[in-house]
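Numbering-wise (my numbering), the sequence shown opens with residue 10 and increments by one. Idealized CB from N, CA, C, for every residue including glycine. The model shown is predicted, which means the values in this text are computed figures rather than measured ones.
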Amino acid sequence: MQERAIVLSGFMGCGKTTVGKALAEALSRPFCDLDDEIARRAGMPIPRIFDALGEDIFRQLEREALGSLPSLEGFVVASGGGAFTFPDNWEAAKEHALVVFLDADFPTCYHRVKDSDRPIVRRSTPLQLEELFRSRYPLYQAHCHRTVDASPLPPQVVSSIRALL
């Protein structure tokens, strides 16, 4: 039997993709970035999905991608920052995977994403992003199996996650 998938959750900029790739390599597991999977399924990059199809379609694609978790046994999976704002998503993840919340404060997350082309960053003020962070934070905390401090450098975060396994 394969090992359970490890799903990394947290706000954008907490390091889900960077840490996920490093963790997958350290554990000799395959890696899946749900945003990349969504872009592949839609045939367009995430910013274009938001611009052309809207956030509702993006969230639908996200739910479908999370629904494929049973087929991702053994993977390390980076979820999207908004994935855990929907009950169906966190229930599927917690049922089929070990969910690890990468806990970083807002200034750390914002510093990491402020110059990115992420749709939500492009259309929001720092204050709006901080409000979004504050609204999502309790959901990340409540819907995980483990929490890891994600403010250190990725190798330290990977070591912390490995210590929990």
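Cβ neighbour criterion (16 or more within 10 Å) applied to residue i
i: Gly-89; result: buried
i: Gly-29; result: buried
i: Gly-24; result: buried
i: Ala-172; result: exposed
i: Gly-52; result: exposed
i: Leu-174; result: exposed
Minimum C-alpha distance to residue i - residue among the options
i: Thr-117; options: Ala-151, Arg-127, Ala-159 and Asp-124; result: Ala-159
i: Asp-126; options: Glu-82, Leu-148 and Ile-58; result: Ile-58
i: Pro-56; options: Arg-145, Val-130 and Val-166; result: Val-130
i: Phe-67; options: His-120, Ile-47 and Gly-22; result: Ile-47
i: Arg-155; options: Leu-162, Pro-161 and Val-166; result: Val-166
i: Pro-164; options: Ala-35, Glu-12 and Glu-73; result: Ala-35
i: Glu-140; options: Arg-49, Leu-162 and Asp-114; result: Asp-114
i: Glu-64; options: Tyr-119, Pro-128, Met-21 and Phe-20; result: Pro-128
i: Asp-45; options: Arg-38, Pro-54, Leu-136 and Pro-39; result: Pro-54
i: Arg-50; options: Leu-70, Ser-37 and Pro-96; result: Leu-70
i: Leu-136; options: Pro-147, Glu-73 and Tyr-119; result: Tyr-119
i: Tyr-149; options: Arg-121, Glu-100, Ser-168 and Lys-123; result: Glu-100
i: Leu-162; options: Pro-147, Arg-121, Ser-133 and Arg-132; result: Arg-121
i: Pro-39; options: Asp-60, Glu-12 and Gly-22; result: Glu-12
Residues of its chain near residue i, where Cβ-Cβ distance is below 7 angstroms and the 5 sequence neighbours each way are ignored
i: Ile-170; result: Leu-32, Val-109 and Val-157
i: Thr-26; result: Asp-42 and Ala-87
i: Leu-62; result: none
i: Phe-142; result: Phe-20, Phe-115 and Cys-118
Residues sharing a beta bridge with residue i, DSSP
i: Cys-153; result: DSSP, once it has assigned bridges, lists no residue as partnering Cys-153.
i: Leu-17; result: Ala-87 and Val-109
i: Cys-118; result: According to DSSP, Cys-118 bridges with nothing at all.
i: Phe-40; result: Val-85
i: Asp-158; result: Asp-112
Same chain, Cβ closer than 8 angstroms to residue i, neighbours up to 5 away in sequence not counted
i: Ala-102; result: Val-16, Ser-18, Leu-75, Leu-78, Ser-88, Ala-92, Phe-93, Val-108 and His-152
i: Ala-14; result: Leu-78, Leu-81, Glu-82, Gly-83, Phe-84, Val-85, Val-86, His-105, Ala-106 and Leu-107
i: Arg-145; result: Phe-20, Gly-90, Gly-91, Phe-93 and Thr-94
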